[in-house]
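**Student:** For the sequence shown, our numbering gives the first residue as 87, with consecutive numbering after it.
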Amino acid sequence: MALRTIRLEGDPILEKVCRPVKEMTPRLEELAHDMVETMYEANGVGLAAPQVGVLRRMVVIDIGDGNGPYYMINPRITEKDGEQVGQEGCLSVPNKVGVVRRPNHVIAEAYDLDMNLYTIEGEGLLARAICHELDHLDGIVYTTLVEGDLIELDDENEEDEVE
């Protein structure tokens, strides 16, 4: 496994729509593991393939609840309800957070690394992370959804984890 370079806001790849994964190859499986290692190294809770320069519908998520990491291949949200409003950050937009409105509960379908379909249900942070990462697959960076202004973080108010 290896650390990948995280693409930063302004990189045109972050605005592109990703292609579906048709089959799991050793190269894509290596990418998935590299994404998890990169996410952990950056203290994130989620990372999407375009954030490391690959236009494939793949995300990894681990909110630190002992159930992750989740490998989500060709994910799609099938249900969403409720509402949460809170600060959100992104590894592609370092040292900034903004207030974003998201569903509080989501159900999504995705394929695991063996290309078996599974369902994941999330509330709170997991729901936020799923929505945030799936947005990346459609070229949406959270900064376009921020209500109000982005907040610049410094050492005193920096979050421990960003999505």
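Even for Gly, the Cβ is constructed at its ideal location relative to N, Cα and C. All values reported here derive from a predicted model rather than from experimental measurement.
In angstroms, rounded to a whole number, what distance separates the CA positions of E253 and E174?
**Tutor:** Any answer about residue 253 is impossible in this case: the structure gives the chain only from 87 up to 249.
**Student:** From this set, K166, L199, V140, which residue's C-alpha is nearest R188's C-alpha?
**Tutor:** For the purposes of this step, residue 188 is taken as residue 102 along the sequence shown, with counting starting at 1. Residue K166 is the option with its Cα nearest to R188.
**Student:** Assign A88 to buried or exposed, taking buried as 16 or more other Cβ atoms, counted over all protein chains shown, within 10 Å of its Cβ.
**Tutor:** By 1-based counting over the sequence shown, the position of residue 88 is 2. Looking at its Cβ environment, which holds fewer than 16 other Cβ atoms inside 10 Å, A88 is exposed.
**Student:** Considering Cα atoms alone, identify which of K108, G168, Q137, E116 is closest to G30.
**Tutor:** A query on residue 30 cannot be resolved here, the shown segment of the chain reaching from 87 to 249 and no further.
**Student:** Using the rule of at least 16 other Cβ atoms within 10 Å of the residue's Cβ for burial, across every protein chain shown, is P105 buried or exposed?
**Tutor:** Along the sequence shown, one-based indexing puts residue 105 at 19. In the sequence on display, residue 105 carries Arg and not Pro. Burial call: exposed.
**Student:** Just to confirm before moving on: does the CB-CB distance between H144 and A118 stay below 8 angstroms?
**Tutor:** Reading the sequence shown from its first residue, position 58 is the one you call residue 144. Reading the sequence shown from its first residue, position 32 is the one you call residue 118. According to the sequence provided, residue 144 is Met. The question's His does not apply to it. Result yes, Cβ atoms of M144 and A118 sit closer than 8 angstroms.
**Student:** Using the three-state DSSP reduction, which class does I99 fall into: helix, strand or coil?
**Tutor:** Here residue 99 refers to the residue found at position 13 of the sequence shown. I99: helix per DSSP, three-state reduction.
**Student:** Taking contact to mean 3 or more Cβ pairs, one atom from each stretch, closer than 8 angstroms, check whether the stretch 96-115 and the stretch 211-220 are in contact.
**Tutor:** no
**Student:** Provide the residue span of the alpha helix (DSSP H) that contains P180, from first to last.
**Tutor:** For the purposes of this step, residue 180 is taken as the residue at position 94 of the sequence shown. Not the alpha helix (DSSP H): P180 falls in the beta strand (DSSP E), residues 179-188.
**Student:** Does DSSP put T111 in a helix, in a strand, or in coil?
**Tutor:** The residue given as residue 111 occupies position 25 in the sequence shown. T111: coil per DSSP, three-state reduction.
**Student:** Along the alpha helix (DSSP H) that carries A196, what are the first and last residues, could you check?
**Tutor:** Numbered from 1 along the sequence shown, position 110 holds the residue referred to as residue 196. Element bounds for A196: not the alpha helix (DSSP H) but the beta strand (DSSP E), 191-197.
**Student:** Is the CB-CB distance between L114 and V107 below 8 angstroms?
**Tutor:** By one-based count along the sequence shown, residue 114 stands at place 28. By one-based count along the sequence shown, residue 107 stands at place 21. Yes, these two residues count as a Cβ contact at 8 angstroms.
**Student:** Are I193 and T230 close, meaning C-beta to C-beta below 8 angstroms?
**Tutor:** For the purposes of this step, residue 193 is identified with residue 107 of the sequence shown, where counting begins at 1. For the purposes of this step, residue 230 is identified with residue 144 of the sequence shown, where counting begins at 1. The answer is no: Cβ separation not under 8 angstroms.
**Student:** Between G172, D148, L212, G152, which has its C-alpha nearest G234's C-alpha?
**Tutor:** The residue given as residue 234 occupies position 148 in the sequence shown. Selected option, being the one with the closest Cα: G172.
**Student:** Applying the criterion that 16 or more other CB atoms from any shown protein chain within 10 Å of the CB defines a buried residue, is T205 buried or exposed?
**Tutor:** Within the sequence shown, the letter at position 119 stands for residue 205. Under this definition T205 is an exposed residue.
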